[in-house]
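Student: Pasting in a structure now, in structure tokens, and then I'll have a few things to ask.
Numbering (our numbering), first residue to last: 3 to 281.
Structural data, given as structure tokens:
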């Protein structure tokens with residue numbers, strides 16, 4: 003089933019796209035349009051719906067927050083449609099020249115996206131006629147991920163930093179330590195509206211992001227304590243009474259799992275200890 007919706011919040015127009023092979027969608031992808039700027043391009047799976055929703059917008063430039071397939075799926079089509087430049091961080095522009103392969107479940111939900119060689123790398127800020135957005139690196143979920151922050155309006159376009167106040171599963175290459183540090187850095191900003199790419203919080207966005215930070219910090223501490231006592235990753239998983247979504251784990255070839263969260267904590271601890279020894 004396919005779901006397409008739109009909404010307006012202050013000067014921002016949001017587009018919400020959902021797909022599920024069976025039943026109603028429960029996971030949605032958002033793109034945002036503000037003053038000539040289109041933020042992200044959605045999933046290739048809903049190419050027709052995304053083109054139809056955005057074809058009449060006066061898009062002057064596109065900005066990509068990171069290389070994941072649900073943000074980059076329609077770059078070529080939207081660039082051709084609007085005849086506009088497409089910007090990103092330098093790291094995203096490099097990753098999109100040869101994007102990572104997708105798991106089976108990612109292909110089913112989002113479809114494969116094309117490589118794109120013409121992203122224009124920028125840093126510090128992206129400007130429109132009436133607004134100026136600070137570009138803020140927020141690695142963790144993806145090494146190249148950035149947020150856009152408009153301080154005068156207290157808007158934060160947070161890409162996938164939030165998603166929810168808890169975490170259901172992790173990508174195998176995510177870093178929970180980096181996510182914690184990125185979230186701590188973002189929470190120092192003055193914002194209220196959180197334009198998340200999957201679950202926007204139009205009110206009390208900062209409060210919701212604080213809840214996620216507490217969840218991550220508590221999870222990290224719980225795993226770290228058991229790891230220090232010599233528990234294996236499987237023993238930690240069982241002791242903390244964690245539950246795995248086995249269907250997601252299998253269909254993603256273990257690229258998406260709750261166990262990846264445990265492994266990320268252990269990996270980050272080892273990395274930190276190694277750095278301390280070398281320094």
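The beta carbon of each residue, even a glycine, is placed where N, CA and C say it ideally should be. Values in this document were obtained by computation on a predicted structure and should not be read as measured data.
May I ask you to verify whether the stretch 150-166 touches the stretch 234-245, counting CB pairs closer than 8 Å and requiring at least 3?
Tutor: These segments do not touch.
Student: By the 10 Å Cβ neighbour count, where 16 or more other Cβ atoms means buried, how is residue 115 classified, buried or exposed?
Tutor: Residue numbering aside, residue 115 sits at position 113 when the chain shown is read from its first letter. Buried: at least 16 other Cβ atoms inside 10 Å.
Student: Would you list the one or two residues that DSSP bridges to residue 96?
Tutor: Along the chain shown, read from residue 1 onward, the residue named residue 96 stands at position 94. Paired residue(s): none; residue 96 is not in a bridge.
Student: Strictly by DSSP, which residues pair up with residue 123?
Tutor: Here residue 123 refers to the residue found at position 121 of the chain shown. BP columns for residue 123 point to 90.
Student: Let's see if you can read the secondary structure: which residues bound the alpha helix (DSSP H) around residue 83?
Tutor: Here residue 83 corresponds to residue number 81 of the chain shown, with the count starting at 1. Residue 83 -> alpha helix (DSSP H) spans 77-84.
Student: Quick check: residue 205 and residue 167, are their CB atoms within less than 9 Å of each other?
Tutor: Position 203 of the chain shown, counted from the first residue, corresponds to residue 205. Position 165 of the chain shown, counted from the first residue, corresponds to residue 167. Contact: no.
Student: When you compare each of 88, 174 and 66 to residue 199 by their alpha carbons, which one comes out closest?
Tutor: As a working note, residue 199 is residue 197 in the chain shown. Ranking 88, 174 and 66 by Cα distance to residue 199 puts 66 first.
Student: Leaving out the 5 sequence neighbours to the left and right, which residues in its chain are closer than 6 Å to residue 152 when beta-carbon positions are compared?
Tutor: Locating residue 152 in the chain shown gives position 150, counting from the first residue. Hits under 6 Å: 133 and 135.
Student: Exposed or buried, what is residue 103 when buried is set at 16 or more other beta-carbons lying within 10 Å of its beta-carbon?
Tutor: Against the chain shown, residue 103 aligns to sequence position 101. It is exposed - the Cβ of residue 103 has fewer than 16 other Cβ atoms within 10 Å.
Student: Flag this pair as touching only if the stretch 35-50 and the stretch 66-75 have three or more C-beta atom pairs under 8 Å; answer yes or no.
Tutor: Yes: the two stretches touch, three or more of their Cβ pairs being nearer than 8 Å.
Student: Skipping 5 residues on each side, what residues in its chain have a beta carbon closer than 7 Å to that of residue 265?
Tutor: By one-based count along the chain shown, residue 265 stands at place 263. Correct list, in chain order: 235.
Student: Using CA coordinates, which residue listed in 93, 252, 249 and 224 is at the minimum distance from residue 240?
Tutor: Locating residue 240 in the chain shown gives position 238, where the first residue counts as 1. Per the Cα distances, 224.
Student: Can residue 29 and residue 20 be called in contact, C-beta distance under 9 Å?
Tutor: As a working mapping, residue 29 is identified with position 27 in the chain shown. As a working mapping, residue 20 is identified with position 18 in the chain shown. Yes.
Student: Three-state secondary structure (DSSP) at residue 179?
Tutor: Along the chain shown, one-based indexing puts residue 179 at 177. It is helical.
Student: Residues in the same chain with beta-carbon distance under 7 Å from residue 86, minus the five sequence neighbours each way, listed in chain order, please.
Tutor: For the purposes of this step, residue 86 is identified with residue 84 of the chain shown, where counting begins at 1. Closer than 7 Å at the Cβ level, and outside the excluded window around residue 86, lie 61, 62, 63 and 64.
Student: Taking the alpha carbon of residue 217 as the point to measure from, which residue in 263, 228 and 195 has its own alpha carbon closest?
Tutor: Within the chain shown, numbered from 1, the residue matching residue 217 stands at position 215. Minimum Cα distance to residue 217 is reached at 263.
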